[in-house]
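In short: position in the sequence shown from 1, add 87, done, that's the numbering used here. C-beta: ideal position from N, C-alpha, C; glycine also. Structure first, commentary second.
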Amino acid sequence: MATQLFDKETTIELRKKHIGPSCKVFFTKDPIKIIRGQGQFLYDEKGERYLDCINNVAHVGHCHPHVVQAAIKQMELLNTNSRFLHDNLVQYAQRLTATLPEKLSICYFVNSGSEANDLALRLARHHTGHQDIITLDNAYHGHVTSLIDVSPYKFHQLGVGAKKDFIHVASAPDVYRGKFREDHPDPASAYADEVKEIIEQTQRKGRQIAAFIAESLQSCGGQVLPPPGYFQKVAQHVRGAGGVFIADEVQVGFGRVGKHFWAFQLQGEDFMPDIITMGKPIGNGHPMSCVVTTKDIAESFLNSGMEYFNTFGGNPVSCAIGLAVLDVIENQALQKHAAQVGDYLMALLNELKEKHPLIGDIRGTGLFVGVDMVKDRLKRTPATAEAQFVIYRLKEEHILLSADGPHRNVLKFKPPMCFSREDAKFVVDKIDTILSVIEKAADPDRETHQETPEIGGCKRKDPSLPNEDDEENVRGGGRRHVGPGEEATHRHKAAKKRLRT
């Protein structure tokens, strides 16, 4: 039985009083108070259930019993720091590195994705003796100072002059909105050549590159998948200049992409980063993360003369949880599940694209999928207000989805890995209805493929189009397979009913 100390209004007031105002919540007009989670579902204080399509942290499902029991069992026995010998630490490092290329064999355990990326930059700079970093436009790597520096997604918000002189920004390898698009004969080489030019310009100024850092798939940047071969070509240029390649897997690792355990492997067997960072899904909600690198880079860090220690990184409880997460991924075949459900979701969304001109592009792999909404397919004008409208209307239907990207017009699917085919059908059906409402309001004479009722009974002062109010900050086991033509109502028909918590 889940309990709450305060009613929702009191919780909101206490948050305003004691929590920093820059710490935002989802759906600021009417935030959701969550008191319980299970699998791919969250429950509010009224017992109402929400399908979670946002949470790539609860990787194997909210409160998975195997993970919870592993934490309890180890916490009852011992928790201490990694200066003492403990088998959990070395067993976890052994199992984790077994998923990676052989040369990536040395682990540093820390507590968050930000901490992992900060340490990765330190490793790169100690190993190369260089200072400058190349990052991608719209990238996000964390919230500490060193990572704001390499995150245009963040420092662009600070205005002109926020970019440091030792940071160099290359174009995101986006073949839908970028400068080299899907009709380019070789976008991978074109984007990689830009990195080469940055290196040469930097060297002419007497500076040297320590690292190129990139999310293996951009998430906050709008679910961007680099063209095949891009990372290989970039790595060649960067290593030729004495730098290293850092792959940020914080949001996309641990089987989410379906075809591979790590997203960087989508580039092919001939690509291997020098440093990999992990976070979010690694502990299924428990604060832990890891940096994995080569023996050579680890030796350079040792030879710097400064000991590295982390109070909580790699503690017995965290490692027990990490081991349990790997157990669930393997025992429930969640990587294969992500591939199958992701393919089904992509197929449904591409069918939806044929019906709705508001959808410009569907891109993704596994359970990492983006829907790029546009006002005009030819011009690819971002449909920002419409995307926010969709998110809020989905919330009324008890579905949690977010929108991001530089224009905040890309609907982002990154749910727990237990997300099912039935869940996919349910969400896509609701998006179908909402898009029909928008298009019917914009063009009352337009024929639609179905009735277009009001969403959630919500009337607008001007029903003709979504408006700027909809752009409010919202960041802030076995499955029954449902055929493409079936209605996915089996588990969702009672989604709006209050459930006992």
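Run the CB neighbour count on residue 548, radius 10 Å, all protein chains shown included, and call it buried at 16 or more, exposed below.
-> Counting from one through the sequence shown, the residue named residue 548 turns up at place 461. Caution applies to residue 548, whose pLDDT of 36 falls short of 50 and renders its modelled position unreliable; the value that the coordinates give is listed next. Classification of residue 548: exposed, given that the 10 Å Cβ count is below 16.
For the ligand HEM, any of its heavy atoms closer than 7 Å to the Cβ of residue 269?
-> The model on display carries no ligand, and the ligand HEM is accordingly not part of it.
Could you pull the start and end residues of the beta strand (DSSP E) that residue 335 belongs to?
-> Working through the sequence shown from its first residue, we reach residue 335 at position 248. Residue 335 -> beta strand (DSSP E) spans 331-335.
Alpha helix (DSSP H) segment containing residue 523, residue limits | To locate residue 523, count along the sequence shown from 1; it is residue 436. Residues 508-529.
Spatial distance of residue 483 from residue 476 (CA atoms) | Reading the sequence shown from its first residue, position 396 is the one you call residue 483. Reading the sequence shown from its first residue, position 389 is the one you call residue 476. Their backbone Cα atoms lie some 11 Å apart in a straight line.
Return helix, strand or coil for residue 489, following the three-state DSSP convention.
-> For this step, residue 489 is matched to residue 402 along the sequence shown. Looking at residue 489 - three-state DSSP - the assignment turns out to be strand.
If you draw a straight line from the C-alpha of residue 379 to the C-alpha of residue 409, how long is it?
-> Here residue 379 refers to the residue found at position 292 when the sequence shown is read from its first residue. Here residue 409 refers to the residue found at position 322 when the sequence shown is read from its first residue. Cα-Cα distance, rounded: 15 Å.
Note the first and the last residue of the continuous beta strand (DSSP E) segment covering residue 138.
-> Here residue 138 refers to the residue found at position 51 when the sequence shown is read from its first residue. Here the beta strand (DSSP E) through residue 138 covers 136-139.
When DSSP labels each residue in this structure, what does residue 269 get in the three-state scheme?
-> One-based indexing of the sequence shown puts residue 269 at position 182. Correct three-state label for residue 269: coil.
Taking only the alpha-carbon atoms, compute the straight-line gap between residue 528 and residue 126 and give it to the nearest angstrom.
-> Residue mapping note: residue 528 aligns to position 441 of the sequence shown, counting from 1. Residue mapping note: residue 126 aligns to position 39 of the sequence shown, counting from 1. One C-alpha to the other measures close to 36 Å.
In chain order, which continuous runs of the alpha helix (DSSP H) of length 4 or greater are located wholly inside the region 417-486?
-> 421-442, 471-483
Residue 542 burial status per 10 Å Cβ neighbour count (16 or more: buried) | The count along the sequence shown starts at 1 and reaches residue 542 at position 455. Legend: pLDDT at residue 542 = 33, less than 50; position of this residue unreliable, value from coordinates given subsequently. Per the 10 Å Cβ criterion, buried.
Leaving out five residues on either side along the sequence, give the residues of the same chain with a beta carbon under 7 Å from the beta carbon of residue 151.
-> Position 64 of the sequence shown, counted from the start, is the residue given in the question as residue 151. Excluding residues within five positions, the ones whose Cβ falls inside 7 Å are 371, 415.
Contact check, residue 512 vs residue 389 under 8 Å by CB: the rounded distance?
-> Residue 512 sits at position 425 when you count from the first residue of the sequence shown. Residue 389 sits at position 302 when you count from the first residue of the sequence shown. In fact, because the Cβ distance is near 53 Å, the residues do not count as touching under 8 Å.
Write down every uninterrupted run of the alpha helix (DSSP H) in the region 235-294 whose length is 4 residues or greater and which is fully enclosed by it, in chain order.
-> 239-242, 274-291
Would DSSP call residue 369 helix, strand or coil?
-> On the sequence shown, residue 369 is found 282 positions in, with the first residue counted as 1. Helix, per DSSP.
Between residue 281 and residue 257, what straight-line distance do the alpha-carbon atoms span, to the nearest angstrom?
-> Translated into positions along the sequence shown, residue 281 becomes position 194. Translated into positions along the sequence shown, residue 257 becomes position 170. Answer to the nearest angstrom: the Cα atoms are 7 Å apart.
In terms of residue numbering, what span does the beta strand (DSSP E) encompassing residue 124 cover?
-> Here residue 124 refers to the residue found at position 37 when the sequence shown is read from its first residue. Here the beta strand (DSSP E) through residue 124 covers 121-125.
Counted within 10 angstroms of its Cβ, other Cβ atoms place residue 569 as buried (16 or more) or exposed | Stepping through the sequence shown from its first residue, residue 569 is reached at position 482. Residue confidence is low: residue 569 scores 35 on pLDDT, short of 50, so the model does not pin down where it sits. No coordinate-derived value is stated.
4 or more residues per run - each alpha helix (DSSP H) lying fully within the region 169-227 = 174-184, 200-215
Tell me which same chain residues have a C-beta within less than 7 Å of the C-beta of residue 510, skipping the five on either side of it?
-> Taking the first residue of the sequence shown as 1, we reach residue 510 at position 423. Same-chain partners within the cutoff: 127, 138.
For residue 110, count neighbouring C-beta atoms within 10 Å of its own C-beta (all shown protein chains included) and say buried if the count is 16 or more, exposed if not.
-> Here the question's residue 110 lines up with position 23 in the sequence shown. Residue 110 comes out exposed.
Buried/exposed call for residue 471, threshold 16 Cβ in 10 Å | Within the sequence shown, the letter at position 384 stands for residue 471. Residue 471 comes out buried.
Counted within 10 angstroms of its Cβ, other Cβ atoms place residue 504 as buried (16 or more) or exposed | Indexing the sequence shown from 1 puts residue 504 at position 417. Buried, by the Cβ-count rule.
Nearest-angstrom Cα distance between residue 500 and residue 344?
-> On the sequence shown, position 413 is the one that residue 500 refers to. On the sequence shown, position 257 is the one that residue 344 refers to. If you take the alpha carbons of residue 500 and residue 344, they lie about 12 Å apart.
Could you spell out where the beta strand (DSSP E) holding residue 312 opens and where it closes?
-> By one-based count along the sequence shown, residue 312 stands at place 225. Element bounds for residue 312: n/a, residue is neither H nor E.
For chain C, find out if any of its Cβ atoms is closer than 8 Å to the Cβ of residue 120; answer yes or no.
-> Included in the structure is just one protein chain, with no chain C present.
Is the region 308-316 in contact with the region 252-266, if contact means three or more CB pairs nearer than 8 Å?
-> yes
Segment limits, alpha helix (DSSP H) that includes residue 317 = In the sequence shown, the residue the question calls residue 317 occupies position 230. Its alpha helix (DSSP H) spans residues 317-327.
Does the count of Cβ pairs from the region 265-279 and the region 325-344 closer than 8 Å reach three?
-> no
Cα-Cα separation between residue 352 and residue 304, rounded to whole angstroms = Start at 1 with the first residue of the sequence shown, and residue 352 comes out as number 265. Start at 1 with the first residue of the sequence shown, and residue 304 comes out as number 217. Rounded to the nearest angstrom, the two C-alpha atoms are 11 Å apart.
Nearest-angstrom Cα distance between residue 449 and residue 468?
-> The residue given as residue 449 occupies position 362 in the sequence shown. The residue given as residue 468 occupies position 381 in the sequence shown. In a straight line, the C-alpha of residue 449 is about 15 Å away from that of residue 468.
Residues of its chain near residue 462, where Cβ-Cβ distance is below 7 Å and the 5 sequence neighbours each way are ignored | Residue numbering aside, residue 462 sits at position 375 when the sequence shown is read from its first letter. Excluding residues within five positions, the ones whose Cβ falls inside 7 Å are 468, 470.
What is the DSSP secondary structure of residue 364, counted as helix, strand or coil?
-> Counting from one through the sequence shown, the residue named residue 364 turns up at place 277. Note: residue 364 maps to strand in three-state DSSP.
Using a Cβ-Cβ cut-off of 6 Å (strictly less than) and excluding sequence neighbours within five positions of residue 231, which residues of its own chain qualify?
-> Taking the first residue of the sequence shown as position 1, residue 231 is located at position 144. Same-chain partners within the cutoff: 201, 205.
Can you pull the DSSP bridge partners for residue 151?
-> Start at 1 with the first residue of the sequence shown, and residue 151 comes out as number 64. According to DSSP, residue 151 bridges with nothing at all.
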